[in-house]
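To start, the structure itself, in C-alpha cells.
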Amino acid sequence: MRTLACSALVLVTGLMPVAVVHAAPFPAGPLGSSSQSTYLLPSMTGVALTPLLTVGDAAGNGYRMAGIPDGLGAFDNGDGSFTLLMNHELGASAGAVHAHGATGAFVSEWVIDKSTLTVLSGRDQIQTVNLLNTSTGQYQPAINATLTRLCSADLPAPTAFFNPGSGLGTSTRFFMNGEETSGGRAFVHTVTGADAGQSYEFAALGHAAWENVVARPTADDRTVVLGTDDTHPNGDAANAKGRVYVYFGDKQSTGTDLEKAGLTNGTTWAIKVNGAAIEDRSATANFGLDADGKASFSLVDDGSGTNFLRPEDITWDTQNPDRAYFVTTDGLDDADPASRTSRLWRITLNDVNDPAAGVVIELLIDGRQPGQPQMMDNLTVAADGTVLIQEDVGNTARLGKVWRYDPNTKTTVEVAAHDPARFLLGASGFLTQDEESSGIIDVTALFDGVAGYDTGTYQYFLLDVQAHYALTDPALVEGGQLLLMAVQAVPEPGSLSLMAAMLGFTLYGARRKR
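Residue numbering for the sequence shown is 17 to 530, as defined by the working numbering.
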C-alpha cells in the first residue's frame with residue numbers, strides 16, 4: 017500500500033512530467049511519406065512523434081523536400097487536406113534555381129492529407145519577388161532575386177490584416193519571414209487570392225538580421241508587427257545589434273493588398289528597457305528587474321534601443337492580445353553558466369494605439385539555473401497558453417531538446433530530444449552532432465474531428481529538424497525532416513485541484529484498507 021500512496025503523491029506533485037495517456041494520438045497504419053524514422057524521440061509519456069517527410073523524399077507529384085527546413089505555416093483546405101508552407105534557410109548561393117529565378121533561400125508549399133499524413137503535392141511557393149524602388153516608391157518585379165537564410169516564419173490569422181468591424185484591411189493571407197543576415201530584408205508572401213505566389217519586400221519595417229516578423233492576430237484598425245534582430249552584440253552597446261522591434265501601421269480601405277494591410281505606412285520602434293543599452297548576464301540582466309523578474313520599457317524611434325543577447329524567435333500570446341514571448345539564445349551554458357545566458361522573455365504592450373504608453377518586460381526562464389533549456393531558438397504559444405521551446409545547441413555533444421513551459425505554474429518540462437542513435441558521435445546510425453529542431457506551430461485545430469486523432473487529450477504540433485550534414489545532391493544541400501508531434505495537454509487549473517482531491521481520496525482509502 018505504501019507503493020500506491022507514493023505513486024499517487026508523485027502524480028499530484030509532478031503533473032507536468034507524468035502523463036496519464038487515455039488514447040492513441042495518431043491513426044493506426046502507416047503515416048506520412050517519409051523514408052526515414054523520426055529524428056526526434058519523446059522524453060516523457062504522453063508524447064508521440066511521427067515523420068511526414070525527410071529531405072530527398074518526394075511528394076505525390078514528384079516535388080522533393082530540400083534541406084535546412086525552418087519556419088512553418090499551415091491552413092485548412094476544407095477538403096480533408098491542409099497546406100503547409102516551409103522556409104528553407106539556405107545561403108544565397110546554395111541549392112537549385114527555384115521558380116523565382118534564383119538559388120538560395122525559398123519557401124516550399126505542400127498539400128498533405130490529414131487522415132494519412134501523405135504528402136500529396138509540393139511546389140515552390142514564391143513565383144515572383146517584388147522589391148521597393150526607393151526612387152519611385154513603387155514595387156517592381158526583381159529579375160532573379162536572390163534571397164538568403166529565411167528563418168522563422170509567421171502565417172498570421174486573417175484578422176491580423178482585416179478588421180471585420182470597420183471593413184479596413186485585406187482578407188488576403190500573407191506568410192511572413194525575413195533574411196537572417198546583416199542588413200537583411202523582411203518579406204510578406206501572398207498565399208491566397210489572385211496574387212498568390214507574389215512576394216513583397218516589407219520595406220517599411222527596415223533592415224536587420226531578421227529571425228522572425230510576426231503580426232498581431234487581433235482584429236484592429238492598427239497593424240502591429242514584432243521583429244527580432246538575430247545578432248549578438250558581443251559587448252557592443254553603441255550600435256544596433258540584437259534589438260527587438262515593434263512596427264505600427266494603419267489599415268486602409270483602398271490600395272494594394274500590402275497597403276490595405278497597413279504594411280507600407282507605418283513606423284518602426286525599438287524596445288529600450290529602463291534606459292539600458294545592453295543586456296548582461298547578471299541576475300537582473302542590467303535591466304533593474306524586480307523580485308518578480310519584471311521591468312518597464314519604452315518604445316523609441318530615435319535610433320537607440322536595448323541590445324539583447326541575440327534575440328531569436330518571437331510569437332504573440334494566445335491568451336492576451338497585447339502580450340508576446342521571445343527568446344534570447346546567447347550561447348551554451350553547460351561549460352560555464354556565468355558566461356552564457358539563454359532566456360525566455362515576455363512583453364506586454366500597454367496600448368497598441370500609443371507606442372509612447374510603453375510596456376512591461378518579464379524574465380520567465382533564466383538559462384543560468386540548472387535543468388533549464390539551453391540556447392533557446394524557436395518557440396510557439398499553444399492555444400492553451402503553454403509555450404513550446406526548441407533548442408539550437410550548435411555543433412556540440414548535447415542533444416537538442418524541445419521543452420514546454422507552463423506560465424500558470426512557471427514550470428518547464430522536456431518533451432522531446434533528438435535521436436542519440438543519429439546525433440551522438442560514435443552512434444551506429446550517426447549523421448551529425450550539429451542538429452536542431454525548428455519551426456514549431458500549433459496545428460491542433462486542423463485535426464479536430466479527424467478520425468484517429470484525439471484533440472481532446474492531445475495538442476498537435478508541426479515542427480522540423482535541421483540535420484547539418486552535407487548531401488551529395490546540390491539541390492538538397494543538407495539533411496532534415498518534417499514531423500508531427502502530439503503532446504498530452506496540460507490539465508486546466510481547476511481540473512488540477514479536482515485531480516488532487518480525487519487522488520487524495522484514493523490515498524485515504526488505500527491507507528484505510530491497511
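C-beta atoms are modelled at their ideal positions from N, C-alpha and C, and glycine is treated no differently.
Quick one: Cα of residue i to Cα of residue j, how far?
| i | j | result |
| --- | --- | --- |
| residue 237 | residue 179 | 6 Å |
| residue 444 | residue 198 | 39 Å |
| residue 396 | residue 500 | 14 Å |
| residue 223 | residue 279 | 15 Å |
| residue 536 | residue 382 | Residue coverage of the chain in this structure runs from 17 to 530, which leaves residue 536 outside it and unanswerable. |
| residue 205 | residue 307 | 43 Å |
| residue 235 | residue 176 | 6 Å |
| residue 131 | residue 267 | 38 Å |
| residue 67 | residue 139 | 19 Å |
| residue 393 | residue 331 | 12 Å |
| residue 487 | residue 405 | 28 Å |
| residue 251 | residue 314 | 22 Å |
| residue 171 | residue 459 | 12 Å |
| residue 72 | residue 110 | 16 Å |
| residue 29 | residue 76 | With a pLDDT of 32 at residue 29, under the threshold of 50, the modelled position of this residue cannot be trusted, and the question is left open. |
| residue 374 | residue 61 | 42 Å |
| residue 285 | residue 311 | 18 Å |
| residue 189 | residue 81 | 24 Å |
| residue 471 | residue 478 | 14 Å |
| residue 388 | residue 403 | 14 Å |
| residue 257 | residue 357 | 17 Å |
| residue 502 | residue 41 | 6 Å |
| residue 378 | residue 366 | 14 Å |
Here's a check: name, in chain order, each residue in its chain whose Cβ is nearer than 6 Å to the Cβ of residue i, leaving out the five neighbours to either side.
| i | result |
| --- | --- |
| residue 468 | 43 |
| residue 18 | Its pLDDT being 33, under 50, residue 18 is placed unreliably in this model, and the value from its coordinates should be taken loosely. Excluding positions up to five away in sequence, the list is empty. |
| residue 337 | 234 |
| residue 408 | 391, 393, 452 |
| residue 450 | 411, 484 |
| residue 335 | 401 |
| residue 95 | none |
| residue 145 | 116, 158, 161, 215 |
| residue 59 | 430, 431, 432, 433 |
| residue 213 | 143 |
| residue 108 | 120, 162, 164 |
| residue 269 | 184 |
| residue 475 | 398, 460, 503, 505 |
With H, G and I counted as helix, E and B as strand and the rest as coil, what does DSSP make of residue i?
| i | result |
| --- | --- |
| residue 460 | helix |
| residue 398 | coil |
| residue 440 | coil |
| residue 425 | coil |
| residue 288 | strand |
| residue 173 | coil |
| residue 267 | coil |
| residue 372 | helix |
| residue 7 | The structure shown does not extend to residue 7, since the chain spans only 17 to 530, so no value can be given for it. |
| residue 432 | strand |
| residue 483 | strand |
| residue 382 | strand |
| residue 450 | strand |
| residue 257 | coil |
| residue 220 | helix |
| residue 252 | coil |
| residue 274 | helix |
| residue 34 | For residue 34, the predicted model reports a pLDDT of 46, less than 50, meaning its position is unreliable; a value from the coordinates is still stated below. Residue 34: coil per DSSP, three-state reduction. |
| residue 239 | strand |
| residue 313 | strand |
| residue 337 | coil |
Whose C-beta lies closer than 7 Å to the C-beta of residue i among residues of the same chain, with five residues either side of it excluded?
| i | result |
| --- | --- |
| residue 23 | Low per-residue confidence applies at residue 23: pLDDT is 28, beneath 50, and the placement is therefore not dependable, though the value from the model is reported in the following sentence. Nothing listed; no residue qualifies. |
| residue 473 | 38, 39, 504, 505 |
| residue 186 | 177, 178, 273, 276, 277 |
| residue 159 | 117 |
| residue 293 | 253, 322, 323 |
| residue 200 | 194, 223, 224, 225, 226 |
| residue 466 | 130, 131 |
| residue 290 | 303, 304, 311, 312, 313 |
| residue 105 | 84, 86, 121, 165, 166, 167 |
Using a threshold of 7 Å, is the CB atom of residue i nearer than that to any non-hydrogen atom of the ligand ATP?
| i | result |
| --- | --- |
| residue 459 | Among the components of this structure there are no ligands whatsoever, and the ligand ATP is therefore not found. |
Who are the near neighbours of residue i in its chain, counting only those whose CB is closer than 8 Å to its CB and skipping five residues on each side?
| i | result |
| --- | --- |
| residue 480 | 85, 86, 88, 102, 453, 454, 455, 496, 497, 498, 499 |
At least three beta-carbon pairs within less than 8 Å, the stretch 257–270 to the stretch 226–244: Contact holds: three or more Cβ-Cβ distances are below 8 Å.
Could you say if the stretch 124–140 and the stretch 97–113 meet the contact criterion of at least three C-beta pairs nearer than 8 Å? The stretch 124–140 vs the stretch 97–113: in contact.
Contact between the stretch 48–56 and the stretch 434–441: three or more CB pairs below 8 Å? The stretch 48–56 is in contact with the stretch 434–441.
Does the stretch 104–116 touch the stretch 163–176, meaning 3 or more C-beta pairs lie closer than 8 Å? These segments touch.
Hey, is the stretch 312–322 in contact with the stretch 203–221, meaning 3+ C-beta pairs nearer than 8 Å? Too few Cβ pairs lie closer than 8 Å, so no.
May I have a chain-ordered list of the beta strand (DSSP E) segments no shorter than 3 residues that lie completely inside the stretch 99–169? As far as the stretch 99–169 is concerned, its whole beta strand (DSSP E) runs of at least 3 residues are 122–129, 135–140, 144–149, 154–157.
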